[in-house]
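Peer 1: Here's a structure for you.
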Amino acid sequence: MAQKYLHIPDIMATWPWPRRIHPLHEEVAAESSAWLKSFAPFTPESQHAFDKCNFGLLAALAYPDASRETLRTSIDLMDLFFVIDEYTDFEQAPAVKKIVDMLLDAVHNPQKPRPAGEPILGEMMREWSERCLPTATPEAVGHFLKSFTDYLEAVVAQAEDRGSGAVRSIDSFIKIRRENNGGRPSLFPSELHLSIPDEVFYHPYVVEMQNCIVDMITTINDILSYNREQATHTDDYNLLTVVMRELGTDLDGAMAWVVDLHHGIAARFVEGLDHVPSFGPEVDAQLQEYLQNIANWPRCVDSWSFEAGRYFGERGVEYQRTRRVPLLQKSKRDVQYHCEEVQVHLIEHLAQPTPA
1 MAQKYLHIPD IMATWPWPRR IHPLHEEVAA ESSAWLKSFA PFTPESQHAF DKCNFGLLAA
61 LAYPDASRET LRTSIDLMDL FFVIDEYTDF EQAPAVKKIV DMLLDAVHNP QKPRPAGEPI
121 LGEMMREWSE RCLPTATPEA VGHFLKSFTD YLEAVVAQAE DRGSGAVRSI DSFIKIRREN
181 NGGRPSLFPS ELHLSIPDEV FYHPYVVEMQ NCIVDMITTI NDILSYNREQ ATHTDDYNLL
241 TVVMRELGTD LDGAMAWVVD LHHGIAARFV EGLDHVPSFG PEVDAQLQEY LQNIANWPRC
301 VDSWSFEAGR YFGERGVEYQ RTRRVPLLQK SKRDVQYHCE EVQVHLIEHL AQPTPA
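Residue numbers are given in our numbering: position 340 of the sequence shown equals residue 340, and the series is strictly consecutive.
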């Protein structure tokens, strides 16, 4: 008999960083939402579904102590990443490559007017870069540009896999997921005001600590987004699907495997904080602040996933309590999505859960 429920363990029960939220999140999120809507990236129906995702809440949970300016930068960045996600999830690799080239040109040349007739993502990226990058230190900007480029290149690789039907191993998937989940460039506001030199930022220890946080973002996200993704035919790039396919296990077996992986990664990060190498007093203080900032992210992703409407609609708080989620039937697959015709799914409008 086909499985009818997703059982979600509370994998964040022992994470030392509690849920915290920025006190100005509603006010600043409203400003960011107005900015986003000025580009009209979606149809009214899809914009409504996008609004339900509440990406302002995501940023406010990630950066509860940020300045107002940094919070706005963070919310706009979250909106950008998820618009990119919606625009590229169903496109073929050549079209995704064009979007990526456009975004890279915009982020590196924010003073350059965008060509007439170009998809609005180019102008969104240009405006964000022109307004937000000058507020960051040169070191932080350099780190962001590298991680953002790596992210976009991984999005192209995902589109190539989708087009060719390539099947990645668990290890290969985890490596590319570190880049294409957008987690690494999303850490940019954590260091926006810091001047961490490259030789420290890319030190093997610091990279490993970053990898722990980004991999935890993957495990949490792929567990909590699985129902939406399997219903909308986008779960090929979900760790639960990859584990089921490679290990020949069912959904509960894959869940147990991913939970064990998650706890091992979390333990490495927490233990790693007790063994931070020294790079000198000034840099050490900045690095400690950075590591504490990025440690908010796993809790942020977990809390937002239940509190916003992207994955569970209006029932997120209920599912957070019961840990039992009815599996949605798969929606009708439409491979014609492109640019402004992209459809953002509202959970309540997907197929009804399978009967008990």
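Glycine included, C-beta positions come from ideal geometry on N, C-alpha and C.
I'd like to check one pair, Cys212 with Ala62: are the Cβ atoms closer than 9 Å?
Peer 2: Not in contact: Ala62 and Cys212 (Cβ atoms no closer than 9 Å).
Peer 1: Classify Pro41 as helix, strand or coil using the three-state DSSP reduction.
Peer 2: It is coil, neither helix nor strand.
Peer 1: With distances taken from CA atoms, which of Val276, Asp302, Ser303, Glu160 is nearest Leu291?
Peer 2: Selected option, being the one with the closest Cα: Val276.
Peer 1: Classify Val335 as helix, strand or coil using the three-state DSSP reduction.
Peer 2: Interpretation of Val335 is limited by its pLDDT of 48, a score under 50 that renders its predicted location unreliable; the figure taken from the coordinates is listed afterwards. Three-state DSSP puts Val335 in coil, outside helix and strand.
Peer 1: Taking 8 Å as the cut-off, does the segment 194 to 201 touch the segment 222 to 238 (at least 3 CB pairs, one atom from each stretch)?
Peer 2: Contact between the segment 222 to 238 and the segment 194 to 201 is absent, because fewer than three Cβ pairs lie under 8 Å.
Peer 1: Per the contact definition of three or more C-beta pairs closer than 8 Å, is the segment 248 to 258 in contact with the segment 152 to 159?
Peer 2: Touching, no, given that fewer than three Cβ pairs across the two stretches are closer than 8 Å.
Peer 1: For the beta strand (DSSP E) containing Tyr5, name the first residue and the last one.
Peer 2: 5 to 7 is the span of the beta strand (DSSP E), which, as asked, contains Tyr5.
Peer 1: Determine, using beta carbons only, whether Gly122 and Leu103 come nearer to each other than 9 Å.
Peer 2: Yes; because the gap between Cβ atoms is below 9 Å, this pair is in contact.
Peer 1: Select from Asn293, Gly165, Lys98, His25 the residue whose C-alpha is nearest the C-alpha of Ser186.
Peer 2: Out of Asn293, Gly165, Lys98, His25, Asn293 has the C-alpha closest to the C-alpha of Ser186.
Peer 1: Measuring CB atoms only, is the segment 2 to 13 touching the segment 26 to 43, in the sense that at least three cross pairs come out at less than 8 Å?
Peer 2: No, they do not touch.
Peer 1: Can you tell me whether Gly248 is buried or exposed, with buried defined as 16 or more other CB within 10 angstroms of its CB?
Peer 2: Exposed: under 16 other Cβ atoms inside 10 Å.
Peer 1: Restricting to Cα atoms, I'd like to know which of Leu328, Thr322, Trp297, Pro18 is closest to Tyr311.
Peer 2: Selected option, being the one with the closest Cα: Leu328.
Peer 1: Where do the ends of the alpha helix (DSSP H) carrying Pro204 lie?
Peer 2: Run containing Pro204: 204 to 224, per the alpha helix (DSSP H) assignment.
Peer 1: What does Val325 pair with, by DSSP beta-bridge criteria?
Peer 2: In the DSSP output, where bridge partners are listed per residue, Val325 has Leu6.
Peer 1: Roughly how many angstroms lie between the CA atoms of Ile84 and His143, to the nearest whole one?
Peer 2: If you take the alpha carbons of Ile84 and His143, they lie about 20 Å apart.
Peer 1: How big is the Cα-Cα spacing for Asp65 and Gly163?
Peer 2: So the alpha carbons of these two residues sit roughly 42 Å apart.
Peer 1: Kindly indicate the opening and closing residues of the alpha helix (DSSP H) around Asn296.
Peer 2: Unbroken alpha helix (DSSP H) run through Asn296: 296 to 307.
Peer 1: Run the CB neighbour count on Gln3, radius 10 Å, all protein chains shown included, and call it buried at 16 or more, exposed below.
Peer 2: Result: exposed.
Peer 1: If you count every other CB in all the chains shown that lies within 10 Å of the CB of Asn109, and 16 or more means buried, which is it?
Peer 2: Result: exposed.
Peer 1: Where does the unbroken alpha helix (DSSP H) through Phe279 begin, and where does it stop?
Peer 2: No alpha helix (DSSP H) holds Phe279; DSSP gives it neither H nor E.
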